[in-house]
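Chemist:
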Amino acid sequence: MPELPEVETVRRGLAPTMEQARLERLETRRPDLRFPLPDQFSERVSGRTIIGLGRRAKYLLIDLDDGMTIIAHLGMSGSFRIEEAGPAEIPGDFHHPRSKDEKHDHVLFHLTKGDRSLRVIYNDPRRFGFMHLWTRSDLDLYPAFAGLGPEPTGNLLDAEYLAARFRDRIQPLKGMLLDQTVIAGLGNIYVCEALWRSGLSPKRKAGTLVTKAGKPKPELMALTVAIREVIADAIAAGGSSLRDHIQTDGSLGYFQHSFSVYDRETEPCRREGCGGIVSRLVQSGRSTFFCETCQK
DNA sequence: CCTTGAACCTGGGCGC
DNA sequence: TGCGCCCAGGTTCAAG
20 MPELPEVETV
30 RRGLAPTMEQ
40 ARLERLETRR
50 PDLRFPLPDQ
60 FSERVSGRTI
70 IGLGRRAKYL
80 LIDLDDGMTI
90 IAHLGMSGSF
100 RIEEAGPAEI
110 PGDFHHPRSK
120 DEKHDHVLFH
130 LTKGDRSLRV
140 IYNDPRRFGF
150 MHLWTRSDLD
160 LYPAFAGLGP
170 EPTGNLLDAE
180 YLAARFRDRI
190 QPLKGMLLDQ
200 TVIAGLGNIY
210 VCEALWRSGL
220 SPKRKAGTLV
230 TKAGKPKPEL
240 MALTVAIREV
250 IADAIAAGGS
260 SLRDHIQTDG
270 SLGYFQHSFS
280 VYDRETEPCR
290 REGCGGIVSR
300 LVQSGRSTFF
310 CETCQK
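In this text, residue positions in the first sequence follow the working numbering: the first is 20, and each later residue adds one.
1. So, at 7 Å on beta carbons, what are the nonlocal neighbours of G71 in its own chain, with the 5 sequence-adjacent residues on each side left out?
2. Of all the options L214, R186, V210, R223, which has the alpha carbon lying nearest to the alpha carbon of P235?
3. For A40, collect the residues of the same chain with a Cβ closer than 6 Å to its Cβ; drop the 5 residues on either side in sequence, then sort them by chain order.
4. Leaving out five residues on either side along the sequence, give the residues of the same chain with a beta carbon under 8 Å from the beta carbon of G295.
5. State the Cα-Cα distance for the pair L239 and L45, rounded to the nearest angstrom.
6. Within 10 angstroms of the Cβ of K231, are there 16 or more other Cβ atoms? Answer buried if so, exposed if not.
7. Excluding sequence positions up to five away, which residues of its chain have a Cβ less than 6 Å from the Cβ of S306?
8. Starting from I90, follow its DSSP beta bridges and name the residues at the other end.
9. Candidates I101, A76, E103: which alpha carbon is nearest A91's?
10. In its own chain, which residues sit with a C-beta less than 7 Å from the C-beta of D85, not counting the 5 before and 5 after it?
11. Comparing alpha-carbon positions, which option in S61, D51, T88, S98 lies nearest L33?
12. Compare the beta carbon distance of P144 and D120 with 8 Å and say whether it is the shorter of the two.
13. Quick check: the Cα distance between A253 and R216, rounded to an integer number of angstroms?
14. If you draw a straight line from the C-alpha of G317 to the C-alpha of V210, how long is it?
15. What are the start and end residues of each continuous alpha helix (DSSP H) run of 4 or more residues lying completely inside the segment 186-242, in chain order?
16. Three or more C-beta pairs closer than 8 Å, one from the segment 53-61 and one from the segment 137-154: is that the case here?
17. If we count the other Cβ atoms within 10 Å of its Cβ and call it buried at 16 or more, is I189 buried or exposed?
18. Indicate whether P191 and R223 have their beta-carbon atoms separated by less than 8 Å.
19. In three-state DSSP terms, what is F309?
20. Excluding the 5 residues flanking T172 on each side, which residues of the same chain have their C-beta closer than 7 Å to its C-beta?
As structure tokens, then:
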């Protein structure tokens, strides 16, 4: 379930462990995830020191001290966990029970930090995730980054920008906001949530939020604010849940939110005084949750 | 160019 | 402790 806030939470959870750690060895347990792993992946990163963890949209960036960056995308089901790799560790040792889905541990980062030995493990049952190795100074040339829209929390996202992108477009808002070239990092959940918060229907044609002169209507200004708030709130919730979120097994999965509409079909709308019921529809193959009563 | 739909892959939940 | 069906938060590619 990694949209931008989840990836940011993962980044914050991993940073204290990974930053300034030495990547002694990278272990790949299969040659590919969604795409082939980089050629000679282990050979090219082993022995490097991790100098920082970054994020662009839903991509996690692991910066190495030789100018290379590991670009990791969690797909739909990817997660990281941290394990202490102490001297007592024995495979199958009952003191160290193996997780049930160990078979989906695909990439293991064997780290040392001071006198500590750690492993950061990438697990991904569906294997929609992927990893690439890229020169950091050329990161903008990474194909998926080249056409990426602005970050929803950044200064480049404003109503004027969205007006320019929405103008004369007949595509429904739902699809438009999922387009990573329009805004980078929104996914199915937070698009539903932002539309609910701004009182706009996911079926609304994007162009109808723009005046003939190409200026943003008040509705588009409200949507812009809602997007920023939804993402900021989710990041704050992830950050505040981080301590609880890192379980004793070190897993960094996804925190629970209380969503306003997402996955709440047939439940009452949470807007004060609305009284509507959340409904679900399918738009371009994806579930959309919204309230017919208050989203117009 | 714009828009939609299918494909990639595995697992969980549900009804029978 | 089965079996089939539907569903899942993302991205890319092809075709209309």
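In this text, a Cβ means the ideal position worked out from N, Cα and C, and glycines have one as well.
Modeler: Taking the definition as stated:
1. Residue mapping note: residue 71 aligns to position 52 of the first sequence, counting from 1. For G71, where only same-chain residues beyond five positions count, the Cβ hits under 7 Å are E38, D82.
2. As a first step, residue 235 is located in the first sequence; it is residue number 216 there, counting from the start. When each option's Cα is compared against that of P235, the closest is R186.
3. Along the first sequence, one-based indexing puts residue 40 at 21. Taken in chain order, the residues that qualify are I69, L130, K132.
4. The sequence position of residue 295 within the first sequence is 276, counting from 1. The residues are P287, C288, C310, E311, T312, C313.
5. Taking the first residue of the first sequence as 1, we reach residue 239 at position 220. Taking the first residue of the first sequence as 1, we reach residue 45 at position 26. C-alpha separation (whole angstroms): 46 Å.
6. The sequence position of residue 231 within the first sequence is 212, counting from 1. Flag for K231 reads exposed.
7. For the purposes of this step, residue 306 is taken as the residue at position 287 of the first sequence. Taken in chain order, the residues that qualify are R299.
8. As a working mapping, residue 90 is identified with position 71 in the first sequence. I90 is bridged to L80, H151.
9. Stepping through the first sequence from its first residue, residue 91 is reached at position 72. The shortest Cα separation from A91 among I101, A76, E103 belongs to A76.
10. Position 66 of the first sequence, counting from 1, holds the residue named residue 85. Contacts found: R67.
11. Within the first sequence, numbered from 1, the residue matching residue 33 stands at position 14. Answer by Cα proximity: S98.
12. Walking along the first sequence from the start, residue 144 turns up at place 125. Walking along the first sequence from the start, residue 120 turns up at place 101. A contact, by the Cβ cut-off of 8 Å.
13. Against the first sequence, residue 253 aligns to sequence position 234. Against the first sequence, residue 216 aligns to sequence position 197. About 13 Å.
14. With the chain covering only 20 through 315, there is no way to say anything about residue 317.
15. 192-197, 207-217
16. yes
17. For this step, residue 189 is matched to residue 170 along the first sequence. Label assigned to I189: exposed.
18. As a working mapping, residue 191 is identified with position 172 in the first sequence. As a working mapping, residue 223 is identified with position 204 in the first sequence. The answer is yes: Cβ separation under 8 Å.
19. As a first step, residue 309 is located in the first sequence; it is residue number 290 there, counting from the start. In the structure shown, F309 sits in a strand (DSSP, three-state: E or B).
20. Within the first sequence, residue 172 is the residue found at index 153, counting from 1. Cβ within range, chain order: R247, I250, A251.
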